[in-house]
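First comes the structure, then the notes that go with it.
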Amino acid sequence: MIKRLLIVLCVFSALRTNVRADEGMWLVSMISEYGQKNLSELGAEITPEEIYSINSSSLKDAIVIFGRGCTGELISNEGLILTNHHCGYASIQQHSTVDHDYLKEGFWAKEKAAEIPTTGLTVSFLKEIVDVTQEFQDAIKTGVSEPKRRSVIDSITSVVKKLYSDSVSGYDISIRAFYSGNKYYLFKYQVFNDVRFVGAPPSSIGNFGDETDNWMWPRHVGDFSLFRVYCAPDGKPAKYSAKNVPYKSKSFLPVSLKGYEAGDFSMTMGYPGSTDRYLTSWGIEERMNLVNQSRIKIRKVKQDAWMTDMMASQAVNIKYASKFARSANYYKNSIGMNLGLKKLDVLNSKRKLEKDFADWIVTTGSQDKYGETLNKLAQGYEGRAKFYKPDLYLNEALVNGAEIFSFAGKIGLWASGRKHMKVNPGSAEIIETIRDFYKDYDVSTDKKALVAILPVFFGEIGPEFIPASMQKVKSGKMSVEEYVDKLFKNSVFADSTRLISLIRKGKFGKLVLDDAYVCYNEIRNLRNNLESELASYADLVSAGRREFEAGLKEMYGSSKVLSPDANFTMRASFGHVGGYSPKDGVKYLYYTSYSGILEKEIPGDREFSVDPRLKLLFLSKDFGPYADKDGVLRINFLTNNDITGGNSGSPVINKRGELFGLAFDGNWEAMSGDIAFEPKLQKTICVDIRYVLFVIDKFAGATNLIEELKIVD
Ligand code: ARG
Numbered sequence: 001m002i003k004r005l006l007i008v009l010c011v012f013s014a015l016r017t018n019v020r021a022d023e024g025m026w027l028v029s030m031i032s033e034y035g036q037k038n039l040s041e042l043g044a045e046i047t048p049e050e051i052y053s054i055n056s057s058s059l060k061d062a063i064v065i066f067g068r069g070c071t072g073e074l075i076s077n078e079g080l081i082l083t084n085h086h087c088g089y090a091s092i093q094q095h096s097t098v099d100h101d102y103l104k105e106g107f108w109a110k111e112k113a114a115e116i117p118t119t120g121l122t123v124s125f126l127k128e129i130v131d132v133t134q135e136f137q138d139a140i141k142t143g144v145s146e147p148k149r150r151s152v153i154d155s156i157t158s159v160v161k162k163l164y165s166d167s168v169s170g171y172d173i174s175i176r177a178f179y180s181g182n183k184y185y186l187f188k189y190q191v192f193n194d195v196r197f198v199g200a201p202p203s204s205i206g207n208f209g210d211e212t213d214n215w216m217w218p219r220h221v222g223d224f225s226l227f228r229v230y231c232a233p234d235g236k237p238a239k240y241s242a243k244n245v246p247y248k249s250k251s252f253l254p255v256s257l258k259g260y261e262a263g264d265f266s267m268t269m270g271y272p273g274s275t276d277r278y279l280t281s282w283g284i285e286e287r288m289n290l291v292n293q294s295r296i297k298i299r300k301v302k303q304d305a306w307m308t309d310m311m312a313s314q315a316v317n318i319k320y321a322s323k324f325a326r327s328a329n330y331y332k333n334s335i336g337m338n339l340g341l342k343k344l345d346v347l348n349s350k351r352k353l354e355k356d357f358a359d360w361i362v363t364t365g366s367q368d369k370y371g372e373t374l375n376k377l378a379q380g381y382e383g384r385a386k387f388y389k390p391d392l393y394l395n396e397a398l399v400n401g402a403e404i405f406s407f408a409g410k411i412g413l414w415a416s417g418r419k420h421m422k423v424n425p426g427s428a429e430i431i432e433t434i435r436d437f438y439k440d441y442d443v444s445t446d447k448k449a450l451v452a453i454l455p456v457f458f459g460e461i462g463p464e465f466i467p468a469s470m471q472k473v474k475s476g477k478m479s480v481e482e483y484v485d486k487l488f489k490n491s492v493f494a495d496s497t498r499l500i501s502l503i504r505k506g507k508f509g510k511l512v513l514d515d516a517y518v519c520y521n522e523i524r525n526l527r528n529n530l531e532s533e534l535a536s537y538a539d540l541v542s543a544g545r546r547e548f549e550a551g552l553k554e555m556y557g558s559s560k561v562l563s564p565d566a567n568f569t570m571r572a573s574f575g576h577v578g579g580y581s582p583k584d585g586v587k588y589l590y591y592t593s594y595s596g597i598l599e600k601e602i603p604g605d606r607e608f609s610v611d612p613r614l615k616l617l618f619l620s621k622d623f624g625p626y627a628d629k630d631g632v633l634r635i636n637f638l639t640n641n642d643i644t645g646g647n648s649g650s651p652v653i654n655k656r657g658e659l660f661g662l663a664f665d666g667n668w669e670a671m672s673g674d675i676a677f678e679p680k681l682q683k684t685i686c687v688d689i690r691y692v693l694f695v696i697d698k699f700a701g702a703t704n705l706i707e708e709l710k711i712v713d
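For the sequence shown, the working numbering begins at 1 and goes up steadily by one.
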């Protein structure tokens, strides 16, 4: 135990001398360890205290968790939040109808009274980070089994959470493992739920280039949207109320019109969701051949079915826009990641690292501690493959594929708890849930998706993993079309009027016997069985991973700082503005400009049409104060900050602590970056803040918003 603590201390003290730009998503509370000297060497004028401080206001007070998986930042002292268009997308979609299609037309509140309250959207401020590793280490005895370890961790987690919640009420507390369970930190958040939609450009600006350009450079997208956080008059979080007032955060970001050059310092702050930089070769094979492959195969056919209907109907398009984007984003990411992992030969460099690790164990006599580590990983990953594959396919094809099964599951589970009751408590809420679901659901689109998915699903896994009610289709006794037709014809879940009426009458027994719900239960049982088959292998994997990361830290000593994998906690990364070379003979510039939008224009196209008013502003070069020194309006730019999904909406901050861009994407050539950082290739793609202001001011005429900002020139 003491030795392990020493290792950790060793590594952290190494941070002080070893910080560098590019790789590393540093936990914000660790930045003071870097010291002012390191930051200045990178070109920053701001101090670590100005980035993260518990006692006085710092940049961290201007950064929020936006919704469930994005970052946002405060840009005025009236609670105005800037994030990506693709982060606000679900809320914008939720409020769109064929008559008020905010996705298509955009939306601008010209006064606070016109802002649109959202439902289910929250904004969270980080209040404090506490290192609670010691509490966990004291409780976990060395050598305990993985299941025992998990249960100790669960109980310590709730004890520690309670300890901290008692002192400050009204806060959300979460505890996260770092370095695969070698460290633990506690996070205190204040969560606000009166968040209102303030403005967004039309998708032809906010999502220009859509799936074709997604994950690619060169890029030309105004990927931003605006929201406002409100609180009770006393400053505390409160449910929506007309009496609420705009929240004044402890700090907000000034906006810079000064622009940037290649080589300028850049810092991002935000919430990277997950990376797997210490994944071993066996884990990479699993990721490529099972996880990514199942996603690629199933989503392809599902998305094609959706898109056909989306193209044919504006109503279906609005219903499926956000679901489609979410699915397509990691579909394309998985393709790119597999290509990148192969091209950059990540598997072999990992095998080499594993060989070095094995040699190091021998030379240092560390067999007692690490002698079994690589074996555990090999056995764990190899052993679980035959169960993991069907589990992944059941999930992609049926749980996330056809919507009817998980919907039937949700409502059916609720009903099964009530089937013997005379009264039916909670009906009003469940009817609300059904209406919400149906707002974004099209029965005939879902049918087509299931018809497309099933043959692929059957082709990938053995008959023993196919739900019983689909066996006759798998064996060819019934056609896929016949099965799907019958399922949808008989199921009450495919008919919201019938469903709601049955619930009103309290006829829950009918829901529980429904074909779709029966099939949902078959899926659930199959997956539960698979998961218990998997469990012992998964334990080998988790123990192996934890040991491997601890061992690597020992092996590198102070020669290399290992930055913690992303886990949706607030991180900062440091870098510089600059282009890259995607392949031999090609060099990419570090920014794009308005003329590129005109070059890409395809009139009437779903992805590449240009709004006529935007075009007019471009052609007359009416850029106002937002053009660069040379009179050109810049659109997007590149830095080498280390970010990943979840960082979307993160501020890009200059050496003085001012906002000059908004991070929104990564680049195609380095899609393997979540597993192995590529210093020469990996880039963050950002919107130039001057394009954001140009769209708000010149395109939308929302000068009310511009007036709120603190603009530095
Ligand atoms: N690749 C971006 C990210 O993960 C999201 C882009 C969303 N746009 C889209 N067309 N799917 O942050």
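Glycine included, C-beta positions come from ideal geometry on N, C-alpha and C.
Asn207 has its Cβ nearer than 8 Å to a heavy atom of the ligand ARG. In terms of CA proximity to Glu135, Val152 leads the group Ser558, Val152, Pro246. According to the DSSP assignment, Val652 belongs to the beta strand (DSSP E) that extends over 651-653. Beta bridge pairing from DSSP links His576 with Phe265. With a cutoff of 8 Å, His86 counts as near the ligand ARG, since its C-beta is closer than that to a heavy atom of the ligand.
The ligand ARG never approaches Asn55 closely enough for any of its heavy atoms to be under 8 Å from the residue's Cβ. Following the DSSP letters along the chain, one finds Ile129 inside the beta strand (DSSP E) bounded by residues 123-131.
Asp234 has its Cβ no nearer than 8 Å to any heavy atom of the ligand ARG. Around the CB of Gly120, fewer than 16 other CB atoms lie within 10 Å, so the residue is classed as exposed.
DSSP places Arg545 in the helix class (H, G or I) of the three-state scheme. In the three-state reduction of the DSSP assignment, Ala428 falls in the helix class, which pools H, G and I. Bridge partners of Phe699 according to DSSP: none are assigned.
Looking at Ser225, Thr71, Val191, the one whose alpha-carbon comes closest to that of Ala700 is Ser225. Look at Tyr184 here: in three-state DSSP terms it is strand. When secondary structure is reduced to three states using DSSP, Leu513 falls in the coil class, being assigned neither helix nor strand. A Cβ-Cβ contact shorter than 9 Å links Phe660 with Tyr260. Exclusion of the five residues before and after Arg524 leaves Gly409 as the residues of its chain whose Cβ lies within less than 8 Å of its Cβ.
Separation of Thr569 and Ser158 (C-alpha to C-alpha, rounded to the nearest whole angstrom) is 19 Å. In this structure, Gly270 sits near Ile643, with a CB-CB distance shorter than 9 Å. With respect to the 9 Å criterion, Val541 and Lys355 are not classified as neighbours on the basis of their beta carbons. Following the DSSP letters along the chain, one finds Ser501 inside the alpha helix (DSSP H) bounded by residues 496-504.
Residue environment analysis places Arg545 among the buried positions, since at least 16 neighbouring C-beta atoms fall within 10 angstroms of its C-beta. Using a 10 angstroms sphere on the CB of Gly673, the tally of other CB atoms reaches 16 or more, which defines it as buried. At a threshold of 8 Å, Ala325 counts as near the ligand ARG, since its beta carbon sits closer than that to one of the ligand's heavy atoms. Taking the Cβ atoms as the reference, Val346 lies roughly 6 Å from Ile284, within the contact range of under 8 Å. For Arg277 against Phe677, the beta-carbon gap comes to about 7 Å, under 8 Å, which counts as contact. Of the residues assessed, Met288 falls on the buried side of the cut-off, its CB having 16 or more other CB atoms within 10 angstroms.
Taking a contact to require three or more Cβ pairs closer than 8 Å, the stretch 64-79 and the stretch 248-262 qualify as touching.
The continuous alpha helix (DSSP H) containing Lys486 extends over residues 480-490.
A straight line joining the alpha-carbon of Ile156 with that of Ile63 spans about 29 Å. When only Cα atoms are considered, Ala305 and Arg299 end up about 10 Å apart. Burial check for Ile129: the Cβ neighbour count within 10 Å reaches 16 or more, so the residue is buried. Contact check for Tyr594 against Phe623 passes: the beta carbons are separated by less than 9 Å. Residue ranges of uninterrupted beta strand (DSSP E) with 3 or more members, entirely inside the stretch 184-208 and ordered along the chain, are 194-200. Comparing C-alpha distances from Gly649 to each of Ile54, His85, Glu33 shows the shortest one belongs to His85. Contiguous alpha helix (DSSP H) elements confined to the stretch 585-668 occur at 594-600, 612-619, taking only those with 4 or more residues.
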